[in-house]
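Chemist: So the protein sequences, as listed, match chains A and B. The opening position of the first sequence corresponds to residue 0 in numbering that gives the first Met the number 0, with each subsequent residue numbered one higher. The opening position of the second sequence corresponds to residue 0 in numbering that gives the first Met the number 0, with each subsequent residue numbered one higher. Each residue gets a CB set at the ideal place from its N, CA and C atoms; glycine is no exception. Right, I'll just put the structure down here and ask away after.
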Amino acid sequence: MIKALTGNYAVAWAVRLSRVKVVAAYPITPQTTMVEKLAEFIDKGEMDAKMIRVDSEFSALAATWGAAASGVRSFTATSSHGLLYMHEMLWWVAGSRIPLVMAVATRTIGPPWNIWTDHSDIMDQRDTGWIIMMAEHNQEVLDTIIQLYRVTEDPRVFLPGIVGLDAFILTHTTEPVDVPEQYVVDSYLPERRQPYVMSIKEPITMGNIPSSLKDNMKMRWDIHTSMLRAKEVIEEADREWSKLTGRSYGGLIECYRCEDAKAYIVGMGAWVGDMREAVDMLRDEGYDFGLIKIRFIRPFPDDRIAKILGNSKLCLVFDRSVSAGSAGPLYLDLAANMYRLGIRTHIINVLAGLTGLDVRSDEIAYVSRKLYEMIERGEEVKGIVWYFGGDELWL
Amino acid sequence: MVVSLKSLPKEKYILPGNAACPGCPEALGLRYVGMALGRRAILVIPAGCTSVIQGLAPGSALNLPVLNVPFASADAVASGIAVAKEIIGEDAVVVVWAGDGATADIGFGPLSGAAERNDNIIHICVDNEAYMNTGIQRSSLTPYGAWTTTTWAGKKEGKKELPLIMIAHKVPYVATASVAFPTDFIQKLRRAASIKGFKYIHLHAPCPVGWRFDPSKTIEVARLAVETGMWILFEAERGKVKISPFSKPYADKKRRKPIIEYLKLQGRFKGISDEDIKVIEKMVDEAWEILLKLAT
């Protein structure tokens, strides 16, 4: 059924349809209406779940994990400073191999206080062992939360997962969203599976000091390997969902007008919509641009990107956050992996849209056109450029 | 319900060969928790000495389900477990086994949150009065005058009144206990397990390593804490305080042993001045005064 839903309500519907049993959360703008909606579903008896109204984000993830470790499907959601406050728990949850799903309303980090979107919060979590996905629109938000319950609870994976949606641009913007029938989701999501359950039936111990650091390091290897296996599971989840609903997003990445492209824009999150328009403009002008939309930052879709960039001449990676003193984290991941896979192309990092500074489609086209021409003319372009809107491009 | 030692289960829940120091009060306390709750217990253990006492993975000296958790997170994790167990319909007693640091300092926010929500868990604060696992640094539950590796001249502040703070949360059950009085502790654990909601038990646990006394004297020191009135055993159901039998005589100040008898066994109070002893005496009198007021 088509409903007019904000990104946050799409999250709530996905959680409801996934038959989540425990929700624990702490309010932070702009995540709040996700949890408010879930509280309403639960209080009205439309959703058979319990809500733990915790005292902090740290407690939110701790309680969500406690419930998940005890054998029930669980969910939490946060944003920005809340996500940073949870950071220690993110490592612990992934290390425990207990699957659960979290929504992150991606928002910048202070100071100064600022509630608008960028990717500083979510990119700060990329080493924690969580599967991390960024959505472009509200339909994708709903679909991917459901998919991630399937992926995270798959024995080939057994890792927690995040669906990121840009603050306000998705969280508070209403779009038509096809909400699947319950039976569709029920036929898609198997019964919950997890590696172990904390229970009085079995005196197991999770997390005591290891006798062998070699074993401990192998646990890290296993998280890494499971993450790599998750690539296939994610693609599979996308295909299966498509069979039921007709909606596919290409799995780890989605390509737009890539067929005969020689130059690429790479981005993730809501502004991918603007990037599509920018590519259309550039194509109309005769520039051979295509778009690579990164859906999953973890596991990183290295081989799929490499296949596309193999015969390209230019790749512009748009980052909405920066690792100060180095470069944008998406660029760093992409450049390092392309080098490792033997891909030699001109990769430039465009730092834009940080702290919520709006970037329009014509501005993305402007930056892309300008850099394209400089490269064509053989002018020297530093690997990292900052763009502040208008013609303010700091080369 | 009075507990007799003979009636206690013989099954061991903390196994021999664990990694506790000689004379460790936490190992004693864990044994009593096993005796009191048996197979119904799920333990949530934040960073602390018991992280070590369990021994090395893949083995474990604890014959109970144990979830080791980040330092500040224990009560929130326990809330999640308790809610899930209620949904599943599993008759588990979810127990947070946390030190004084994890209870009164770093984990205090989540503790207060779980208490305010009245989540169905038992929080046991096993109080050895400093950060022993990291090497005897002061906590907010280190007593006045005590030496630690971060208070070389003796702590200048008194002990945070955690049991009273928990009573002020209006939780259904708060109690204090001591490793020297196992029957009292076990009885309180069983009482707590029979009540739905948030339960808090504060277990006084003298640490030979951190308090600088001979490992053979753990029980003696713990008992003296009660006999000098320094540690008061009581329970409070729905805020109504009842002094426990082992502490009752010491409501009368005249019957208390001199505080110096407790202090002199411990190297951490070595060289404490008469003036400081007077300060401690005054603190003890005040603590009794408050409790007796609450008990009437």
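Could you pull the DSSP bridge partners for A/Cys314 from this structure?
Modeler: A/Tyr263 and A/Ile346
Chemist: Could you confirm whether any beta carbon from chain A is found closer than 8 Å to the beta carbon of B/Leu161?
Modeler: no
Chemist: Near B/Ile135, what residues of its chain come up, given a Cβ to Cβ distance below 6 Å and the 5 sequence neighbours on each side ignored?
Modeler: Ala129, Thr147, Thr148 and Gly209
Chemist: Could you tell me whether the Cβ atoms of A/Tyr263 and A/Leu315 are closer together than 8 Å?
Modeler: yes
Chemist: If distances are taken between C-alpha atoms only, which option among B/Glu260, B/Arg190, B/His201 and B/Leu264 comes closest to B/Val125?
Modeler: B/His201
Chemist: Using beta carbons (cut-off 8 Å, strictly below), is A/Trp129 in contact with chain B?
Modeler: Using a CB distance cut-off of 8 Å, A/Trp129 does not count as an interface residue toward chain B.
Chemist: Does the Cβ of A/Gln181 have 16 or more other Cβ atoms within 10 Å, making it buried, or fewer, making it exposed?
Modeler: exposed
Chemist: In the DSSP assignment, find the unbroken beta strand (DSSP E) run with A/Val19 in it and report its ends.
Modeler: Counting along the chain, A/Val19 falls outside any beta strand (DSSP E), and DSSP gives it neither H nor E.
Chemist: If we ignore side chains and look at the alpha-carbon of each, how far apart do B/Lys154 and B/Val94 end up?
Modeler: 31 Å
Chemist: From this set, A/Pro202, A/Asp185, A/Phe317 and A/Ile307, which residue's C-alpha is nearest A/Ala260's C-alpha?
Modeler: A/Ile307
Chemist: At a Cβ cut of 8 Å, what residues of the region 85 to 101 of chain B count as close to chain A, listed as they run along the chain?
Modeler: Glu85, Ile86, Ile87, Glu89, Asp90 and Ala91
Chemist: Work out the CA separation of B/Ala179 and A/Ile296 for me, nearest whole Å.
Modeler: 55 Å
Chemist: Strictly below 8 Å CB to CB, what residues from chain A border B/Arg222?
Modeler: Per Cβ cutoff of 8 Å: no residues; B/Arg222 is ~31 Å from chain A at best.
Chemist: Please list the residues of the region 350 to 362 of chain A that have a C-beta atom closer than 8 Å to any C-beta atom in chain B, keeping them in chain order.
Modeler: Cβ contacts with chain B come from no residue of the region 350 to 362 of chain A.
Chemist: Considering only their Cβ atoms, is the gap separating A/Ala48 from A/Ile144 smaller than 8 Å?
Modeler: Not a contact, by the Cβ cut-off of 8 Å.
Chemist: Taking all protein chains shown into account, decide if B/Lys5 is buried (16 or more other Cβ within 10 angstroms of its Cβ) or exposed.
Modeler: exposed
Chemist: Can you tell me which of the three DSSP states B/Arg39 falls into?
Modeler: helix
Chemist: Just grab the DSSP bridge partners of B/Gly98 for me.
Modeler: B/Val125
Chemist: Are the beta-carbon atoms of A/Pro159 and A/Pro98 separated by less than 8 Å?
Modeler: yes
Chemist: On the premise that B/Ile41 lies in contact with B/Ala26, defined as a C-beta separation below 8 Å, what is that separation, rounded to the nearest angstrom?
Modeler: With 8 Å as the limit, B/Ala26 and B/Ile41 do not qualify as a contact, their Cβ atoms being about 19 Å apart.
Chemist: For A/Ser119, count the other beta carbons within 10 Å of its own beta carbon; 16 or more makes it buried, fewer makes it exposed. Which is it?
Modeler: buried
Chemist: Closer than 8 Å by C-beta to B/Gly242: which residues in its own chain qualify, once you throw out the five before and the five after it? Chain order, please.
Modeler: Position check: residue 242 of chain B holds Ile in this sequence, whereas Gly was assumed. Taking B/Ile242 as the centre and dropping the five residues before and after it, the same chain places the C-beta of Ile231, Leu232, Phe233, Ala250, Leu290, Leu291 and Ala294 closer than 8 Å to its C-beta, in chain order.
Chemist: Can you tell me where the alpha helix (DSSP H) with A/Leu227 in it begins and where it stops?
Modeler: Leu212 to Thr244
Chemist: What residues of chain B sit near A/Val34, judged by a beta carbon separation below 8 Å?
Modeler: Result: empty, since nearest Cβ-Cβ is about 16 Å, beyond 8 Å.
Chemist: For a test of the three-state rule: what should DSSP assign to A/Arg52, helix, strand or coil?
Modeler: strand
Chemist: I'd like the span of the alpha helix (DSSP H) that includes B/Lys277, first residue to last.
Modeler: Asp273 to Ala294
Chemist: Would you say B/Arg189 faces chain A, with C-beta separation under 8 Å as the test?
Modeler: no
Chemist: For chain A, find out if any of its Cβ atoms is closer than 8 Å to the Cβ of B/Ala46; answer yes or no.
Modeler: no
Chemist: Checking the sheet assignment: what are the DSSP bridge partners for A/Tyr255?
Modeler: A/Leu290
Chemist: Could you name each continuous beta strand (DSSP E) segment of 3 residues or more that falls completely within the region 49 to 101 of chain B, going from the start of the chain to the end?
Modeler: 65 to 68 and 92 to 98
Chemist: Assuming A/Glu56 contacts A/Thr77 under a Cβ cut-off of 8 Å, what Cβ separation, rounded to an integer in Å, is found between them?
Modeler: 5 Å
Chemist: Please list the terminal residues of the continuous alpha helix (DSSP H) segment that includes A/Trp90.
Modeler: Ser79 to Ser95
Chemist: Taking CB distances under 8 Å as the criterion, tell me whether A/Lys242 reaches chain B.
Modeler: No, no contact with chain B.
Chemist: Taking Cβ positions only, does B/Gln53 come closer than 8 Å to chain A?
Modeler: Residue contact with chain A for B/Gln53: present (Cβ-Cβ distance below 8 Å to some residue of chain A).
Chemist: Would B/Ser78 pass as a contact of A/Ala62 if the rule is Cβ separation under 8 Å?
Modeler: yes
Chemist: At a CB-CB cut-off below 9 Å, which residues of chain B make contact with A/Glu27?
Modeler: Reading off the sequence, residue 27 of chain A comes out as Ile, not Glu. For a Cβ distance threshold of 9 Å, nothing in chain B lies close to A/Ile27: the least Cβ distance comes to about 16 Å.
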